[in-house]
Amino acid sequence: MRIVEIEDVIDESPTIRTLIFNDKITANAKAGQFIMVWLPSIDELPMSVMIPYKYDEKLYAAISVRKRGISSTYLYSRKKGDKIGVRGPYGRAFEIKSERSLLVGGGTGLVPLIRLAKQNRCHTLIMGARSKDEVIFEQLARSMVDRVIVTTDDGSYGLKGFATDPLEELLKEERFDIIYTCGPEKMMKRVLEIANRYGIEAEASLERIMKCGIGLCSSCALDKYILCKDGPVMKGSIILGLEEFGKCYRDKSGQLKSTI
Amino acid sequence: MRIVEIEDVIDESPTIRTLIFNDKITANAKAGQFIMVWLPSIDELPMSVMIPYKYDEKLYAAISVRKRGISSTYLYSRKKGDKIGVRGPYGRAFEIKSERSLLVGGGTGLVPLIRLAKQNRCHTLIMGARSKDEVIFEQLARSMVDRVIVTTDDGSYGLKGFATDPLEELLKEERFDIIYTCGPEKMMKRVLEIANRYGIEAEASLERIMKCGIGLCSSCALDKYILCKDGPVMKGSIILGLEEFGKCYRDKSGQLKSTI
Amino acid sequence: MLSTDICVRLRNPTLLASGILGISYPVLKRVYEAGAGAVISKSISIEAREGYKNPIIVKTEHGWINAVGLANPGVEYFAKEIENCDIPLIVNLVGSNEEEFGKMVKILDNLKIIAYEINFSCPHVEKVGLEIGDDPELVYKIVKKIRSLSKKPIIVKLGLGSSNMIEIARVANDGGADAITAINTIRAMCIDIDVAKPILSNRIGGLSGAAIKPIAIRCVYELSKAFDIPIIGCGGIKDWRDAIEFILAGASAVQIGSAVSERWLDIFNEINNGIMQYMLRKGYKSIDEMIGIARY
Amino acid sequence: MLSTDICVRLRNPTLLASGILGISYPVLKRVYEAGAGAVISKSISIEAREGYKNPIIVKTEHGWINAVGLANPGVEYFAKEIENCDIPLIVNLVGSNEEEFGKMVKILDNLKIIAYEINFSCPHVEKVGLEIGDDPELVYKIVKKIRSLSKKPIIVKLGLGSSNMIEIARVANDGGADAITAINTIRAMCIDIDVAKPILSNRIGGLSGAAIKPIAIRCVYELSKAFDIPIIGCGGIKDWRDAIEFILAGASAVQIGSAVSERWLDIFNEINNGIMQYMLRKGYKSIDEMIGIARY
Ligand SMILES: Cc1cc2nc3c(=O)[nH]c(=O)nc-3n(C[C@H](O)[C@H](O)[C@H](O)COP(=O)(O)OP(=O)(O)OC[C@H]3O[C@@H](n4cnc5c(N)ncnc54)[C@H](O)[C@@H]3O)c2cc1C
Ligand SMILES: Cc1cc2nc3c(=O)[nH]c(=O)nc-3n(C[C@H](O)[C@H](O)[C@H](O)COP(=O)(O)OP(=O)(O)OC[C@H]3O[C@@H](n4cnc5c(N)ncnc54)[C@H](O)[C@@H]3O)c2cc1C
Ligand SMILES: Cc1cc2nc3c(=O)[nH]c(=O)nc-3n(C[C@H](O)[C@H](O)[C@H](O)COP(=O)(O)O)c2cc1C
Ligand SMILES: Cc1cc2nc3c(=O)[nH]c(=O)nc-3n(C[C@H](O)[C@H](O)[C@H](O)COP(=O)(O)O)c2cc1C
Ligand code: FES
Ligand code: FES
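Chains as they are written, first to last, in the numbering used here: chain A, 148 to 407; chain B, 148 to 407; chain C, 935 to 1230; chain D, 935 to 1230.
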């Protein structure tokens, strides 16, 4: 466990904040890898590694957290100077290919995609949000990716609809070699199905409950895979063959529960 | 603990044998350092590190053991192919000075001096033995040291008398910068006293019961010194100020017993 | 050449320890296919348990400390999870009294599992595990109860509690246990000095990994001297050398736990290959010939 | 700033653990002068003991296993060894029954020693140490006997035996103990797989060093929660971070054992300096303020 101090806090949206800290080891994380974030006396949560904005990328890293339940809200409320613990980075990252790539993400699922775009030239990013309020990382994305397309469910900003809508349009007209996606499981499912239909390689970064993060407890089991080791990034071709993907997840006791 | 195989056995005298083995770590020992030699199911004994004769000095090391009690006799009887365990090297070595040096040794006390002569040009070596039979390492010494003087108590070979006799004679006539000695404690005592009288720096490699070899058990205590850490090689000026040197040693229970 | 007997014949002596990847049948099957001689489930209890809040594990200098809190889906759910079991699976059970164990065995006994392992040694959950394992009378009753309900081999898993391990092993043996696993994790704690707080949510957990190996070796040695039934060694095994050390101390087989995290599933094949090379070098023809020879 | 209280005030919280360099008075004095807050003798018994044959210690991956066999010159000889004692010396005693302890205390009590530490926890010698420490009645009788003969503080040193540490601490406390040391080494073993033999001549010894630290931290934490008397932490301390972890867990002072072998006598100053830096950084003014704060 490494204790780090939060050195900067950036509001991304009314519910999402980026916390920046100095930690060489996390700074080395590959896009798609995650860390376990310890909130002393409170909880420990898996978080994708974000880029540290203007801070030195060799020394700094960040996480972008959405306030949801108690623990994420506690983390969201940490201020400059507060201490958190981190361990990792863990897991399988996106495989970086120097080809024409298309990124599709939503919500905090954009985090690993932003890191990917920073580490590797990416051609197009489609980012989905519920409404204008929730559009995050747009400026950042535009500074790194050749083309950025924003969709909102309610049409309050960018294109109206889901991120998967412009995806289909693009694929009809342009050639892409690989699609990377991260976001709500339903969204990823659609992205992977579309990629499959168009015969394009795809990778998605998945989420399950993570307790140990290091391949021991099996709380992150997804079919025969252990997401903290075999994932969180997995190949679309494998994911689409899974029985549990898009349907169910293991709860904290290990029982399969429906995701719907 | 490193298990090594004895690859060669050399008879040095009717009671002393050199056992040669391949062990890089022991091969790195400095002259005066010792290893703990494990005889599985039997015992473990401290032994000075010897040179490996014709074997590669970067890979091989040796010990020269005199058969005395049960354990040393068991070790003496090991054959080519037998296995022993070694740990170390431990302890403080002779301080190597590129000056005109005089070595005085007796019995297996010659072992660290031979290693010293190999690692560093030495001017004169006086070696004492009880009788012709017990003169060891003579050829070896002559090949490395400018001048070798042999004494035997009974005069059956070399000069008759103790090693300390020619020492006095030499010091009257020649200039030496440092004297190194190892052998029976009484001999070392006389050597150090003579060196002191002539104002010459001296170092001696001492022996006490060694159980742990790493500064924990204090079985090797000599006044306030712990021989396996502060020794076995110590400065003559310090040794001569010790109350116990030449007089007593701690037995296995820690009681001081007279050495006379 | 690698096959060994723990009251049931295994293709090799490396087992997946309980609590490691042991909740999902597809995962257990994958571990078996990766090379394990048999796999052991997470400790299963009568009711589902969510386990403790995170953090449930912390890596220390020479091991791990975990307090998962026996998270498991409960016996009924798990029986369904493994209903089509076609691998050598040992189900590990945890409970508070003989009735609970009796109920669980009734639910499981018709399944194609090869043995039960009874967790008398979880060091960080109240009223189960070690608290039971420290009570000779209760241990006897529980083993006896299971024996009366099942013909399958019963393995008791012991740990460092507040009782004499040999005595507990004796009553378990008297009650009808067929084999002994030693050891479970050892009660331990890790405090972060920067924030001055224990790291685990449960504060206290169980130490596993290389740190506990010499203690586990000693336990296997003492148990194998005292009993004629197979002993299964567990604690800190990370390579073939460790596995051999357990076998020489008296173990008929070994379990691999936390090291799975570092070497991942290849660890079973790696250890089995290492054991085989060692046997070839030393001229052993079977695991049997090696068991306990450091005793003589 | 570094001074602390273990029923007697010490200049700093780092003590030399029993059995380490603890037989010769000149050596003990040198260790004190090198920076230790106090020094503890080797366990002293009524008669002189040669201890076990070599090997008496083996280094393992993450610690040491020793079976010295309580080699010591016997109480009468040792009383003479320390007759001119002018340093804060604690004498550690080992024995089989209250008569033996009574005799030893009578011989020692007029000397200028600052306390007794009673070894109820040596894990590798029969009929003393742990075998006594596992018997609550005997522990009570022994402490009571010493209490009746001496006004000096009595520290009981506990370990991982076949009994409940808290219970043993309680009877010791009832008998009059003033402080508790936790922990001693843990029964363990190391087998060399090449020659297929246990390395120690006694086969079984006690594990010390970094491997046991998380277990020792847990014991200190549990004891300091249960008792109001000072707890002295011991087990695997090799730097100031380890020492602080023990203090935060509830220790009023710490003992350094095997790590002396690696850092040699500078270790006391190094650890004390590290503790001081930490206190300055965190704004603590005394050791007292830090004791046990990880509990809250
Ligand atoms: C690989 C990975 C990467 C992630 N990256 C991000 C990210 O970059 N930004 C972000 O905001 N969120 C991310 N998450 C989700 C995040 O870990 C939490 O699941 C989310 O913040 C909800 O936490 P909560 O405490 O508010 O949950 P609640 O909905 O309140 O859940 C209740 C409790 O369940 C536990 N819990 C919930 N989810 C998890 C989980 N996935 N693993 C372990 N325990 C859990 C917590 O103890 C929590 O207190 C990621 C998850 C995974 C698996
Ligand atoms: C630093 C050092 C270097 C040495 N180098 C050599 C060398 O190069 N060649 C050589 O022949 N001898 C050397 N010795 C002496 C050697 O270690 C033995 O003391 C000697 O061989 C006698 O052993 P024994 O078993 O025959 O003893 P015995 O006289 O039979 O003694 C009885 C028992 O006491 C124990 N014992 C005796 N001496 C020691 C000791 N010093 N340490 C621990 N236990 C002991 C053994 O268990 C032995 O079995 C050295 C000793 C020291 C301390
Ligand atoms: C994360 C984790 C969870 C565990 N869960 C269980 C369990 O449910 N039941 C059990 O009997 N042992 C459990 N154990 C103990 C292991 O089975 C094993 O006895 C212990 O970890 C020592 O082996 P190792 O050093 O190889 O890990 C668990 C260990 C770990 C690390
Ligand atoms: C070589 C050695 C000898 C020891 N002898 C004793 C002893 O005589 N009495 C005792 O109470 N503890 C003895 N111990 C235990 C230590 O005092 C200490 O409790 C233990 O080693 C754990 O601390 P460490 O990890 O810092 O070494 C001995 C330990 C070692 C390594
Ligand atoms: S989170 Fe524990 S196995 Fe993946
Ligand atoms: S031999 Fe143990 S301290 Fe020197």
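For glycine and all other residues, C-beta sits at the position ideal for the given N, C-alpha and C. Please read all numbers here as calculations on a predicted model, not as lab measurements.
Residue i and residue j closer than 8 angstroms at C-beta
i	j	result
GLU1034 of chain D	GLY1008 of chain D	no
GLY1093 of chain D	ILE1120 of chain D	yes
TYR223 of chain B	VAL212 of chain B	yes
VAL1154 of chain D	GLY1167 of chain D	yes
GLY936 of chain D	ILE1127 of chain C	Looking at the sequence itself, residue 936 of chain D is Leu, so the reference to Gly does not match. No; because the gap between Cβ atoms is not below 8 angstroms, this pair is not in contact.
ASP1112 of chain C	ILE1048 of chain C	no
ASP324 of chain B	SER248 of chain B	yes
PHE241 of chain A	LEU206 of chain A	no
Coil, strand or helix - residue i by DSSP
i	result
MET148 of chain A	coil
GLU191 of chain B	strand
GLN266 of chain B	helix
TRP185 of chain A	strand
ILE172 of chain B	helix
THR938 of chain C	strand
GLU1060 of chain D	coil
ASN1203 of chain C	helix
CYS1153 of chain C	helix
SER211 of chain B	strand
ALA349 of chain B	strand
VAL1209 of chain C	The question names Val, yet the displayed sequence has Ile at residue 1209 of chain C. Reduced to three states, the DSSP call for ILE1209 of chain C is helix.
Nearest to residue i (by Cα), restricted to the options the options
i	options	result
ASN1118 of chain C	C:GLU1101, C:LYS1147, C:ALA1130	C:LYS1147
TRP185 of chain A	C:VAL1188, C:ILE1181, C:ASP1162, C:SER1135	C:SER1135
LYS177 of chain B	B:ARG225, B:ILE243, B:GLY228	B:ILE243
ARG344 of chain A	A:TYR304, A:ILE361, A:GLN402, A:GLU315	A:GLU315
ARG322 of chain B	B:VAL151, B:ILE198, B:GLY228, B:GLU246	B:GLU246
LYS1091 of chain D	D:LYS963, D:GLU1017, D:GLY1063, D:LEU1072	D:GLY1063
LEU257 of chain A	A:GLY346, A:GLN286, A:SER400	A:GLN286
ASN1044 of chain C	C:ALA1177, C:LYS1086, C:VAL1059, C:ALA1185	C:LYS1086
ILE1016 of chain C	C:ILE1151, C:VAL973, C:ASN1000	C:VAL973
ASN1031 of chain D	D:ILE1076, D:VAL1039, D:THR994	D:ILE1076
MET334 of chain B	B:PHE284, B:ARG262, B:SER303, B:SER352	B:SER352
GLY1029 of chain C	C:PHE1012, C:LYS1219, C:GLU1060, C:LEU1214	C:GLU1060
MET357 of chain B	B:ARG337, B:CYS269, B:GLY378	B:GLY378
THR299 of chain A	A:ARG289, A:MET291, A:ASP280	A:ASP280
SER278 of chain A	A:THR162, A:SER405, A:PHE168	A:THR162
LYS1216 of chain C	D:VAL1129, D:SER1220, D:VAL1188, D:ALA1160	D:VAL1129
Rounded distance between the beta-carbons of residue j and residue i, thought under 8 angstroms
i	j	result
ALA1228 of chain C	PRO1132 of chain D	6 angstroms
GLU350 of chain B	GLY383 of chain B	6 angstroms
LEU944 of chain D	GLY971 of chain D	4 angstroms
LYS963 of chain C	ILE1024 of chain C	Between ILE1024 of chain C and LYS963 of chain C the Cβ distance is about 14 angstroms, and since that is not below 8 angstroms, they are no contact.
GLY1143 of chain D	GLY1170 of chain D	5 angstroms
ILE182 of chain A	VAL196 of chain A	6 angstroms
Output, in sequence order along the chain, the residues in the segment 984-1012 of chain C whose CB is closer than 8 angstroms to any CB in chain D. THR994, GLU995, HIS996, GLY997, ILE999
Residues, ordered as in the chain, of the segment 1111-1134 of chain D that lie near chain C by beta-carbon distance below 8 angstroms: ILE1120, ARG1121, ALA1122, MET1123, CYS1124, ILE1125, ILE1127, ALA1130, LYS1131, PRO1132
Determine which residues of the segment 936-947 of chain C have a Cβ less than 9 angstroms from any Cβ of chain D, and write them out in chain order. none
Cβ-based contacts, 8 angstroms cut-off: residues of the segment 955-972 of chain C near chain A: LEU955, GLY956, ILE957, SER958, PRO960, VAL961, LYS963, ARG964
Taking beta-carbon pairs under 8 angstroms, can you tell me which members of the segment 1166-1186 of chain D lie near chain C? ARG1175, ILE1178, GLU1179, LEU1182, ALA1183
Interfacial residues, the segment 1072-1101 of chain D to chain C, with Cβ spacing under 7 angstroms: LEU1094, SER1096, SER1097, ASN1098
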